[in-house]
Amino acid sequence: MRSAICAAKQGKFFQYADALYAWTDAYEGQAFLDNRLVTGAENLGLDMAAFGECRSANPERDVLAAAQQDAGGRSTTLVPPAVAVNDVLVESLDIDTINADIDAAIALRSGATPEPTSEAASESTAEPTSEAASESTAEPTVEPTTEPTTEPTTAPTDEPTAQPTPEPTDGG
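If you want it as structure tokens, here you go:
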């Protein structure tokens, strides 16, 4: 920040900032080492004596003091927090209202009508039980059979043979 302020005092802030930030890709974490800050100023043709003197004088203190003084004389307006779902402001910042608006937006996109229930609300906040966890992580079992699942054909076909797929269970 100090070097940028000193470049700004010579009317070259943006050129200086552009040069230094262009180096971030090439030098990564070493883009802002002191020797690069000085090289950037030299490359822009800054008055190096004035640049060095400025850097030694802690110019950011003066900039921050001026900014605080300027801000102190201005009125400030506080902006309340707001939540929007699909560019529509949610009327309440209550988490249940926000979640209901999100559910309604999802349902509209999928073509369904949301029907929130107290049961659904309790299910969404319930912690998983070890029984539910074991049901959801259980590996499917396939039992081998000795009988063919389709009738054998005598002629080859271009179509793949349909194999029945086991239906997933909902655990209920």
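Throughout the sequence shown, residue numbering follows the working numbering, covering 41 to 212 in sequence. Virtual Cβ for every residue (Gly too), placed ideally from N, Cα, C.
Requested in this report: Drop a sphere of 10 angstroms on the beta-carbon of Phe91, count the other beta-carbons inside from all chains shown, and report buried for 16 or more, exposed for fewer.
Outcome: buried
**Report entry** Nearest to Leu84 (by Cα), restricted to the options Gly112, Ala44, Ala147
**Finding:** Ala44
**Report entry** Cβ neighbours of Tyr61 in the same chain (closer than 8 Å, five flanking residues each side left out)
**Finding:** Ala71
Requested in this report: Can you check DSSP and say which residues form a bridge with Val125?
Outcome: Val128
Query - 6 Å Cβ shell around Ala59 - same chain, five flanking residues per side excluded - result: Gly80
**Report entry** Anticipated Cβ contact below 8 Å, Val36 with Val123, distance rounded
**Finding:** This structure cannot speak to residue 36, because the chain is shown only from 41 to 212.
Query - CA-to-CA distance, Gly151 to Ala107, given in whole angstroms - result: Between the alpha carbons of Ala107 and Gly151 lies a gap of roughly 53 Å.
Query - Residue closest to Leu77, alpha-carbon to alpha-carbon, out of Ala47, Ala140, Ser132, Ile142 - result: When each option's Cα is compared against that of Leu77, the closest is Ala47.
Requested in this report: Report yes if the C-beta distance between Ala105 and Val125 is below 8 Å; otherwise report no.
Outcome: no
Query raised in the report: Can you tell me whether DSSP reads Val5 as helix, strand or coil?
Result: Look at the range of the chain in this structure, 41 to 212, and you will see that residue 5 is not part of it.
Query raised in the report: What is the DSSP secondary structure of Asn98, reduced to helix, strand or coil?
Result: coil
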